[in-house]
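Chemist: Mind looking over this structure? Questions follow.
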Amino acid sequence: MLKWQTRIACNTVKSFVPFQNRIRSIKHSFKPPALTGHHEALVRGILEQIEFIGTTGTSVSGARVLEIGSGWLPVAPLIYRLAGAREVVLTDQYRLLNRPSVLSAVDFVISKADAIAPALGIDPASIAGRLAIPREGDLPEMLAALDFTYLVPMDEGNIGEKLDIAYSHTVLEHIPPQILGSIFKMLRNNMRNGAIFCNGIDNSDHRKNYDSALSIVDFLKYSEASWKLLCIHPQDYTNRLRHSDYLALLAEAGFEVLDARTYVAEGRKAEVAGWSLPPRFASKTTEDLCTTWSLILARA
Ligand SMILES: C[S@@+](CC[C@H](N)C(=O)[O-])C[C@H]1O[C@@H](n2cnc3c(N)ncnc32)[C@H](O)[C@@H]1O
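By full-length UniProt numbering, the letter at position 182 of the sequence shown is numbered 182, and the numbering carries on one by one without gaps.
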């Protein structure tokens, strides 16, 4: 069996074990998920988002900000706080945060002070003080000290005061297209006119993260039915939307796309042009199919 097949087979079996989320939550309350290369890249990605948002004339300073899909380790919201956000609303489909995960993220961000401070124009020595939390306190006390609101799940009625900024990082590709359309519309209704929506999206085949032998766009070859079978465990699900699909969904939800920065896997274009692709990809350009990273800036 290839590496990715072994991993997907194990995950598929796991997905039939009842109380998966509860078991994971108990495990993480003892030991938070490890900080990895993903979090190093996340720091760079969020600093780029804040710089990109700045090009619109909107400042994070004083803004009410919402994150879609905060995950286990709230590294990104801590950086938005350091950039001056007055409140960050963290959202997810499940409750994943706990005391050890918040402590671990805070310590990680403090350890990155030398990279973060110059990008945000703040004093590196001030970072530990700005992120001071009651280390012996409970989760609500820690969240309150950071001006974080934790909304799980978010819905039309619980977002509260209109948002100035919303963002995500490596989340949208895990959300089914129909749900994504509803989330965009819900956010649009809860953002003030002119508010900024910034999303970093990993459009690549995520199986490459654990099987380097695969092409970064290998998943385009599968029919809908076959791909569905490889995504039975929710953590394996990716929607395979392409850059152009996100632009269309944003426009449909009432956002104006202002700018985008993309990474195109140029080296894969010839290979993809030779594949027989399922109908949903047939009309896409090879540029779009091989766009493996999108950072999209939109205005409400
Ligand atoms: C790969 S993690 C990324 C976490 C974090 N943004 C980061 O970059 O480290 C994807 C996150 O999206 C969340 N997610 C998936 N589907 C979602 C949905 N429909 N609504 C909100 N969050 C969702 C997952 O629970 C998970 O926390």
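Think of the CB as a built atom: it goes at the ideal place given N, C-alpha and C, for glycine as much as any other residue.
1) Please state the DSSP three-state secondary structure of D147.
2) Just tell me which of L42, Q235, L258 and V106 has its CA closest to the CA of I175.
3) Near F52, which residues of its chain fall below 8 Å by C-beta distance, leaving aside the five closest residues on each side in sequence?
4) In whole angstroms, what is the alpha-carbon distance linking V43 and A63?
5) Whose C-alpha, out of H233, W293 and E156, is nearest the C-alpha of V217?
6) So, is P18 buried or exposed, given that buried needs 16 or more other C-beta atoms within 10 angstroms?
7) What span of residues does the beta strand (DSSP E) with G194 cover, start to end?
8) Per DSSP, what are the beta-bridge partners of E271 in this structure?
9) Looking at L90 and Y167, is the spacing between their C-beta atoms short of 8 Å?
10) If the criterion is Cβ atoms closer than 8 Å, does the pair D211 and L2 meet it?
11) Run through the stretch 207 to 266 for me and flag every whole alpha helix (DSSP H) of 4 or more residues, listed as ranges in chain order.
12) Taking DSSP's pairing of strands, which residues face V88 in a bridge?
13) Answer yes or no: do V171 and I68 have a C-beta to C-beta separation smaller than 8 Å?
14) What residue range is occupied by the uninterrupted alpha helix (DSSP H) comprising R299?
15) Could you give the DSSP three-state label for L163: helix, strand or coil?
16) Cβ of L78 within 8 Å of Cβ of A113?
17) List, from N- to C-terminal side, the alpha helix (DSSP H) runs of 4 residues or more that fit wholly inside the stretch 5 to 76.
18) Contact check, G194 vs R299 under 8 Å by CB: the rounded distance?
19) What are the start and end residues of the alpha helix (DSSP H) that includes D123?
20) Going by other Cβ atoms of all chains shown within 10 Å of its Cβ, with 16 needed for buried, is R22 buried or exposed?
21) Excluding the 5 residues preceding and the 5 following I159 in the sequence, name in chain order all residues of the same chain whose CB lies nearer than 6 Å to its CB.
22) Roughly how far, in whole angstroms, is the beta-carbon of V65 from the beta-carbon of Y80, given that I think they are within contact range, below 8 Å?
23) Is it buried or exposed for P177, if we count other Cβ within 10 angstroms and need 16 for buried?
24) Looking at C-alpha atoms only, which residue of A251, V60, A128 and W72 is the closest neighbour of A83?
Modeler: Looking at the atomic coordinates:
1) Walking along the sequence shown from the start, residue 147 turns up at place 147. When DSSP states are grouped into helix, strand and coil, D147 belongs to the coil group.
2) In the sequence shown, the residue the question calls residue 175 occupies position 175. It is Q235 whose Cα lies nearest to the Cα of I175.
3) Mapped onto the sequence shown, residue 52 falls at position 52. So the list reads C198, D259, R261, L295 and L297, once near-sequence residues are dropped.
4) Counting from one through the sequence shown, the residue named residue 43 turns up at place 43. Counting from one through the sequence shown, the residue named residue 63 turns up at place 63. Straight-line Cα distance between these residues: approximately 20 Å.
5) For this step, residue 217 is matched to residue 217 along the sequence shown. Per the Cα distances, W293.
6) If you number the sequence shown from 1, residue 18 lands on position 18. Counting every other CB atom within 10 Å of its CB across the protein chains shown gives P18 a total below 16, marking it as exposed.
7) Sequence index remark: in the sequence shown, residue 194 carries index 194 (1-based). Note, G194: beta strand (DSSP E), M191 to D202.
8) What you label residue 271 is simply residue 271 of the sequence shown in a count that begins at 1. In DSSP, E271 forms no bridge with anything.
9) Sequence index remark: in the sequence shown, residue 167 carries index 167 (1-based). Sequence index remark: in the sequence shown, residue 90 carries index 90 (1-based). No. Outside cutoff.
10) Within the sequence shown, the letter at position 211 stands for residue 211. Within the sequence shown, the letter at position 2 stands for residue 2. In terms of Cβ geometry, D211 and L2 form a close pair [threshold 8 Å].
11) Within the stretch 207 to 266, the runs of alpha helix (DSSP H) that reach at least 4 residues and sit entirely inside it are, in chain order, 224 to 229 and 243 to 252.
12) In the sequence shown, counting from the first residue as 1, residue 88 sits at position 88. Looking at the DSSP assignment, V88 forms a beta bridge with V65 and F148.
13) Working through the sequence shown from its first residue, we reach residue 171 at position 171. Working through the sequence shown from its first residue, we reach residue 68 at position 68. Yes, the pair counts as a contact, with Cβ atoms nearer than the cut-off.
14) Here residue 299 is taken as the residue at index 299 of the sequence shown, counted from 1. First-last for R299: T291 to R299, but that is the beta strand (DSSP E), not the alpha helix (DSSP H).
15) Taking the sequence shown and counting its residues from 1, the one referred to as residue 163 is at position 163. Reduced to three states, the DSSP call for L163 is strand.
16) The residue labelled residue 78 in the question sits at position 78 within the sequence shown. The residue labelled residue 113 in the question sits at position 113 within the sequence shown. Not in contact: L78 and A113 (Cβ atoms no closer than 8 Å).
17) 20 to 30 and 37 to 54
18) What you label residue 194 is simply residue 194 of the sequence shown in a count that begins at 1. What you label residue 299 is simply residue 299 of the sequence shown in a count that begins at 1. Right, the Cβ-Cβ distance comes to about 6 Å (below 8 Å), so this counts as a contact.
19) The residue given as residue 123 occupies position 123 in the sequence shown. From DSSP, D123 is part of no alpha helix (DSSP H); its letter is neither H nor E.
20) Counting from one through the sequence shown, the residue named residue 22 turns up at place 22. Classification for R22: exposed.
21) Mapped onto the sequence shown, residue 159 falls at position 159. Within the same chain, I159 has close Cβ partners N190.
22) The residue you call residue 65 lines up with position 65 of the sequence shown. The residue you call residue 80 lines up with position 80 of the sequence shown. Contact flag correct, Cβ pair sits at about 5 Å.
23) By one-based count along the sequence shown, residue 177 stands at place 177. By the neighbour-count rule (16 or more Cβ atoms within 10 Å), P177 is not buried but exposed.
24) As a first step, residue 83 is located in the sequence shown; it is residue number 83 there, counting from the start. It is V60.
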